[in-house]
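First to last, the protein sequences are chains A and B.
So for the first sequence, the numbering used here puts the first residue at 1103; every next one is plus one.
So for the second sequence, the numbering used here puts the first residue at 3; every next one is plus one.
Every residue, glycine too, gets a C-beta built ideally from N, C-alpha and C.
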Amino acid sequence: EADIYQTPRYLVIGTGKKITLECSQTMGHDKMYWYQQDPGMELHLIHYSYGVNSTEKGDLSSESTVSRIRTEHFPLTLESARPSHTSQYLCASSDPGTDTQYFGPGTRLTVL
Amino acid sequence: EDQVTQSPEALRLQEGESSSLNCSYTVSGLRGLFWYRQDPGKGPEFLFTLYSAGEEKEKERLKATLTKKESFLHITAPKPEDSATYLCAVFSNYQLIWGAGTKLIIKP
Chain A
1103 EADIYQTPRY
1113 LVIGTGKKIT
1123 LECSQTMGHD
1133 KMYWYQQDPG
1143 MELHLIHYSY
1153 GVNSTEKGDL
1163 SSESTVSRIR
1173 TEHFPLTLES
1183 ARPSHTSQYL
1193 CASSDPGTDT
1203 QYFGPGTRLT
1213 VL
Chain B
3 EDQVTQSPEA
13 LRLQEGESSS
23 LNCSYTVSGL
33 RGLFWYRQDP
43 GKGPEFLFTL
53 YSAGEEKEKE
63 RLKATLTKKE
73 SFLHITAPKP
83 EDSATYLCAV
93 FSNYQLIWGA
103 GTKLIIKP
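Shown next as structure tokens:
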């Protein structure tokens, strides 16, 4: 089982602020993912990475950006937050042998 | 188009009352079907992976089964601590396609 961490757990910010959501994992997994989830709705993939210096956009259009400079670290940045960005953001990494994804606790973002 | 549909949306049971949750899917090339449990305000917790029709897996009061078109999560004699949202996802091409989940409430 992966150990995967996200900070902050909760964040309330004003419109126009720049924010970075942190995600780290200690299992050495190459593949990492960012999902967005609204209450009662399915998870939507917004970004993924297959390793250092590899990042791709997922199916859900997002104004966020990601970077992957180190294997264990996969931060997500919003340059200018808007109320439409209010959501739960989930980070995951996957076991290369089984494709099983393991999730962090999530960041609940509220943009006022 | 790849799609995952879970039913029912919500299920209320008495403690000890067994039932099943359904996950139906249409994908172009199934590479695995995953079941997760999600508690409020937390990330999904992995339960099972099923790879081929006829496969079954069990964990405590939960048993997952798979056919060519759907998967069932059977819960036997549930307890209040089994209350959660249960998510189903299928691995197709490069990503997981997720259902919206079934919210399970077990009343004491």
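Identify which residue in the options has its Cα closest to the Cα of residue i.
i: residue 7 (chain B); options: B:43, B:88, B:48; result: B:88
i: residue 100 (chain B); options: A:1114, A:1122, A:1121, A:1145; result: A:1145
i: residue 71 (chain B); options: B:16, B:45, B:92; result: B:92
i: residue 1106 (chain A); options: A:1190, A:1210, A:1196, A:1212; result: A:1196
i: residue 1211 (chain A); options: B:3, B:61, B:43; result: B:43
i: residue 1170 (chain A); options: A:1138, A:1127, A:1204; result: A:1127
i: residue 112 (chain B); options: B:94, B:77, B:85; result: Missing from the structure shown is residue 112 (chain B); chain B here goes from 3 to 110 and no further.
i: residue 64 (chain B); options: B:83, B:77, B:73, B:104; result: B:77
i: residue 1215 (chain A); options: B:14, B:29, B:33, B:55; result: Residue 1215 (chain A) lies beyond the range of chain A shown here (1103 to 1214); nothing can be said about it.
i: residue 9 (chain B); options: B:73, B:25, B:21, B:61; result: B:25
i: residue 106 (chain B); options: B:82, B:59, B:31, B:50; result: B:82
i: residue 45 (chain B); options: A:1148, A:1138, A:1149, A:1151; result: A:1138
i: residue 16 (chain B); options: B:50, B:60, B:79; result: B:79
i: residue 1136 (chain A); options: A:1214, A:1120, A:1191, A:1111; result: A:1191
i: residue 1174 (chain A); options: A:1111, A:1124, A:1130, A:1120; result: A:1130
i: residue 98 (chain B); options: A:1111, A:1149, A:1172; result: A:1149
i: residue 1111 (chain A); options: A:1189, A:1203, A:1214, A:1204; result: A:1189
Considering only DSSP beta bridges, list what residue i is partnered with.
i: residue 1153 (chain A); result: A:1156
i: residue 72 (chain B); result: B:26
i: residue 107 (chain B); result: B:14
i: residue 1122 (chain A); result: A:1179
i: residue 1109 (chain A); result: A:1124
i: residue 1146 (chain A); result: A:1138
i: residue 1192 (chain A); result: A:1137
i: residue 7 (chain B); result: B:26
With H, G and I counted as helix, E and B as strand and the rest as coil, what does DSSP make of residue i?
i: residue 1131 (chain A); result: coil
i: residue 1182 (chain A); result: coil
How close, in whole Å, do the beta carbons of residue i and residue j come, if the pair is a contact with beta carbons under 8 Å?
i: residue 1108 (chain A); j: residue 1199 (chain A); result: The Cβ separation is near 24 Å, so there is no contact.
i: residue 37 (chain B); j: residue 75 (chain B); result: 6 Å
i: residue 35 (chain B); j: residue 52 (chain B); result: 5 Å
i: residue 104 (chain B); j: residue 47 (chain B); result: Not really, about 15 Å apart at Cβ, beyond 8 Å.
i: residue 1166 (chain A); j: residue 1178 (chain A); result: 5 Å
i: residue 1180 (chain A); j: residue 1120 (chain A); result: 7 Å
Would you list, in sequence order, the uninterrupted beta strand (DSSP E) runs of no fewer than 3 residues that lie entirely inside the stretch 34 to 105 of chain B? Taken in chain order, the unbroken stretches of beta strand (DSSP E) that lie wholly in the stretch 34 to 105 of chain B and span 3 residues or more are 47 to 52, 58 to 61, 64 to 68, 72 to 77, 86 to 94, 97 to 100.
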